[in-house]
Each structure stands twice: as structure tokens, then as C-alpha cells.
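Structure, as C-alpha cells:
Residue numbers (our numbering): 100 to 220.
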């Protein structure tokens with residue numbers, strides 16, 4: 100099985116597990132009630148410098164372990180204070196060691212767009 104096959108298989112398994120905890124109808128209800136997302140394209144077009152998308156990433160399939168990130172919210176605040184236009188958060192858990200919890204913590208900590216980076220099926 101290739102790395103991509105493993106990632107897709109894991110994404111399917113994760114989606115099924117999440118749906119057992121929070122059914123799709125509940126996800127849709129929460130999405131309908133959520134605040135409007137920040138328009139990342141507008142932040143990336145700002146005239147005040149070069150737009151940078153900072154990334155929160157603990158590991159990758161090709162490089163293995165990259166960094167211990169005990170507090171993704173604190174790192175996100177540092178990125179924002181450093182001038183990042185947006186933050187990308189790896190949420191895939193098997194190979195990238197991320198989580199939806201990381202995404203939620205980052206989103207609550209900053210006022211710039213937060214992008215989820217994962218394999219979605």
C-alpha cells in the first residue's frame with residue numbers, strides 16, 4: 100500500500116469515527132450556526148508587505164518528526180505577531196501528528212485566517 104493509499108484509508112477511518120461521535124446532521128447544524136469565516140483571499144492581497152501563510156506542522160510522511168509543538172495556540176499568536184497573513188494547521192493525526200483540537204485552539208487564539216490542512220474524503 101502506498102503512502103497516499105494509507106492516508107486516504109486513514110481519512111476514511113477517521114471520518115467514520117468522527118461521525119459516530121458527532122453525526123453529520125449535527126455537523127451541518129453547527130456549521131449553519133457558526134460565525135462567517137474570515138476571507139483569507141483578502142488578507143493575502145494586503146498591500147502592506149509580502150503575504151505569508153505560516154504552518155503548524157509536527158511531522159510529515161517524508162521527513163518524519165519535525166517539531167514538538169506543545170501549545171499550538173501560543174505558536175499561532177507568535178506567527179500573527181510576526182506578521183503572518185494566515186496560518187495553516189495540519190490536522191491529520193497518523194502521519195502529521197495534528198488534530199482538530201489543534202485547529203480549534205489556533206482559531207480561538209488569533210484574528211487572522213486559519214486554514215485546515217488534511218485529507219478530507
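Think of the CB as a built atom: it goes at the ideal place given N, C-alpha and C, for glycine as much as any other residue.
Supposed close pair residue 197, residue 188 - CB separation, criterion 8 angstroms
7 angstroms
Reference residue 172; option with closest CA among 164, 160, 186, 163
186
Check whether the stretch 116-124 touches the stretch 137-150, counting contact only when three or more Cβ pairs, one atom from each stretch, lie closer than 8 angstroms.
no
If you follow the beta strand (DSSP E) that residue 213 is part of, which residue opens it and which one closes it?
Bounds of the beta strand (DSSP E) holding residue 213 are 213-216.
Of the choices 163, 109, 205, whose alpha-carbon is the least far from that of residue 170?
205
Between the CA atoms of residue 132 and residue 181 - distance to the nearest angstrom
Cα to Cα, residue 181 sits roughly 32 angstroms from residue 132.
Counting only the same chain and skipping the five closest in sequence on each side, list residues whose C-beta sits under 7 angstroms from that of residue 114.
220
If we ignore side chains and look at the alpha-carbon of each, how far apart do residue 217 and residue 143 end up?
Here the alpha carbons of residue 143 and residue 217 stand approximately 21 angstroms from one another.
Neighbour-count burial assignment, residue 103, 16 or more Cβ in a 10 Å radius
Exposed.
Proximity of residue 140 and residue 195 at Cβ, strictly below 9 angstroms
no
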